[in-house]
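My numbering puts the first residue of the sequence shown at 39, with every later residue one more than the last.
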Amino acid sequence: MSQDADVLFKQGIQEYQGGNLQGAKTLWEQALSLYHTEGNLHHQGAALGNLGAVSEALGNLEEAIAYYKQHLSLAQEIGDRPGQQNALNNLGNAYSRLQDFPQALNSYQQGLLLTRKWGNLGRQGQALLNLRQVYQAMQDWEEAERCLQEQWAIANQLRQTQTQDMLDIAQQVGLNPLSDFAGANLAEVNFHYANLAGADLSNVNLSGADLSLADLSHAQLSHANLEKAILSNANLRDANLQYANLQGADLRTVLPRADLSDANLEEANLSGAYLQRANLSRANLSNADLSNSDLTDVNLEEAQLTGTLLKQANIDKAHVNQAYFKDNPKLSAALKQHLRDKGAIVE
39 MSQDADVLFK QGIQEYQGGN LQGAKTLWEQ ALSLYHTEGN LHHQGAALGN LGAVSEALGN
99 LEEAIAYYKQ HLSLAQEIGD RPGQQNALNN LGNAYSRLQD FPQALNSYQQ GLLLTRKWGN
159 LGRQGQALLN LRQVYQAMQD WEEAERCLQE QWAIANQLRQ TQTQDMLDIA QQVGLNPLSD
219 FAGANLAEVN FHYANLAGAD LSNVNLSGAD LSLADLSHAQ LSHANLEKAI LSNANLRDAN
279 LQYANLQGAD LRTVLPRADL SDANLEEANL SGAYLQRANL SRANLSNADL SNSDLTDVNL
339 EEAQLTGTLL KQANIDKAHV NQAYFKDNPK LSAALKQHLR DKGAIVE
């Protein structure tokens with residue numbers, strides 16, 4: 039009998055994956071009946087969970103909740119930890135879809151308590167994400183922020199004990215790099231090769247971080263601390279770095295159309311950087327290395343360039359009105375006059 043039930047169960051999975059939801063439901067109902075007859079409680083739980091999922095997929099949320107409740111009760115009876123967590127998570131999801139937020143919170147909170155009891159940090163992070171999303175739907179921003187900070191605490195705890203990169207750890211605990219990293223402390227983190235295109239990294243602390251070869255195109259990095267960060271060969275096309283601290287950073291990379299207005303680039307290494315049409319207005323480039331960089335149509339208006347290395351940089355192609363040049367080695371008299379003619383202040 040058990041083999042017959044298992045066959046029906048597997049056939050139900052095939053039908054479900056093929057899009058025949060009603061057929062899958064019928065097969066799992068038959069499998070559940072056989073498992074019940076033979077007293078196979080573990081397999082009954084699996085069938086109940088699947089019946090809840092297919093009922094939810096068919097749009098019958100009340101029936102799905104009834105199945106999930108049966109699954110939870112059975113999992114509690116036999117001490118099935120994963121089953122309890124899955125059932126509570128499924129209940130929370132179903133109640134959320136019904137916009138019954140108090141019941142959703144109750145289910146997710148029970149799930150969080152279990153993950154804490156059993157010490158599963160990754161599941162704790164996911165449970166906190168579920169709670170955070172419900173609080174956001176309820177516009178309870180204070181509780182949502184508390185959940186987010188707890189997720190970060192777990193991520194940092196895992197960072198101390200695991201060798202995997204921070205991006206993987208963050209995603210493991212339910213943190214979305216596109217929206218959840220703003221303002222975070224990620225000093226000296228390894229984001230080598232990370233895909234952070236379009237991510238909100240405003241006000242983030244990435245001092246000393248390895249972002250070499252990372253994709254940061256269109257990323258929001260305004261007011262970020264990137265002091266001494268390694269950004270060599272990163273993609274910073276169209277990135278927003280307004281007011282960012284890039285002192286001593288390695289920026290030997292591509293930054294076309296990047297907004298670096300009001301940024302601190304003291305002692306930054308931009309040698310050979312591709313900066314076409316970037317905005318560096320009012321930026322502090324004192325003692326930075328811009329040798330061999332492409333400055334075509336770069337906005338350097340009101341920028342500070344004291345001691346800046348400009349060897350073989352096409353500074354003549356940049357917009358330099360009110361830019362301040364002083365102590366720039368190997369800047370020819372003719373080029374100095376050309377810059378003055380374009381509105382620069384050259385000493």
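All C-beta atoms in this analysis are idealised placements derived from N, C-alpha and C, irrespective of residue type, glycine included.
V336 carries a coil assignment under DSSP once its states are collapsed to helix, strand and coil. Runs of the beta strand (DSSP E) lying entirely within the region 186-229 and spanning at least 3 residues: none are present. Assigned with DSSP and collapsed to three states, K364 falls in strand. Between A235 and A257, the C-beta gap is smaller than 8 Å, which places the two residues in contact.
Listed in chain order, the non-local C-beta contacts of L205 below 7 Å within the same chain comprise P215, F229 and A232, local neighbours out to five positions each way being set aside. Taking 8 Å as the cut-off, the Cβ atoms of L269 and D238 do not count as close.
Non-local C-beta neighbours of Y281 in its own chain, meaning closer than 7 Å and more than five positions away in sequence, comprise S260, H261, D300 and A301, ordered along the chain. Inclusion of N307 and L343 in the CB contact set at 8 Å is not warranted, their separation being larger than that value. In this structure, L129 lies near I103, with their beta-carbon atoms less than 8 Å apart. Distance check between L264 and each of A272, L254, A296 and A225 places A225 closest, using alpha-carbon atoms only.
When the Cα atoms are used, L213 and V242 turn out to be separated by approximately 15 Å. Classified as exposed, E180 has fewer than 16 neighbouring CB atoms from the shown chains inside 10 Å of its CB.
Counted as a single uninterrupted DSSP element, the beta strand (DSSP E) harbouring L343 occupies residues Q342 to T344. According to DSSP, residue pairing for H261 in a beta bridge does not occur. Residue range L79 to A95 is occupied by the alpha helix (DSSP H) that includes N88. In the three-state reduction of the DSSP assignment, H357 falls in the strand class, which pools E and B.
Remark: C-beta atoms of L274 and S255 approach each other more closely than 8 Å.
For E76, the uninterrupted alpha helix (DSSP H) segment begins and ends at L59 to E76. Contact annotation, L328 with A351: C-beta distance approximately 5 Å; criterion of less than 8 Å satisfied. Excluding five sequence positions before and after G163, the CB atoms of its chain that fall closer than 6 Å to its own CB belong to Q189, I192, V211 and G212, given in chain order. The beta carbons of Y106 and A125 sit about 5 Å from each other, so the pair counts as a contact at 8 Å. Each residue's CA atom was taken as its position, placing R315 and P294 some 6 Å apart. Around the Cβ of N359, a 10 Å sphere holds fewer than 16 other Cβ atoms; the residue is exposed. For A142, the enclosing alpha helix (DSSP H) begins and ends at F139 to W156. The beta-bridge partner set that DSSP reports for N322 consists of N302 and Q342.
Rounded to the nearest angstrom, the Cβ distance from Q123 to T153 is 7 Å, consistent with a contact under 8 Å. Around the CB of K63, 16 or more other CB atoms lie within 10 Å, so the residue is classed as buried.
For L150, the closest alpha carbon among the candidates P120, M176 and L46 is that of P120. Contact between A220 and S250 does not hold, since their C-beta atoms are separated by about 22 Å, which reaches or exceeds 8 Å.
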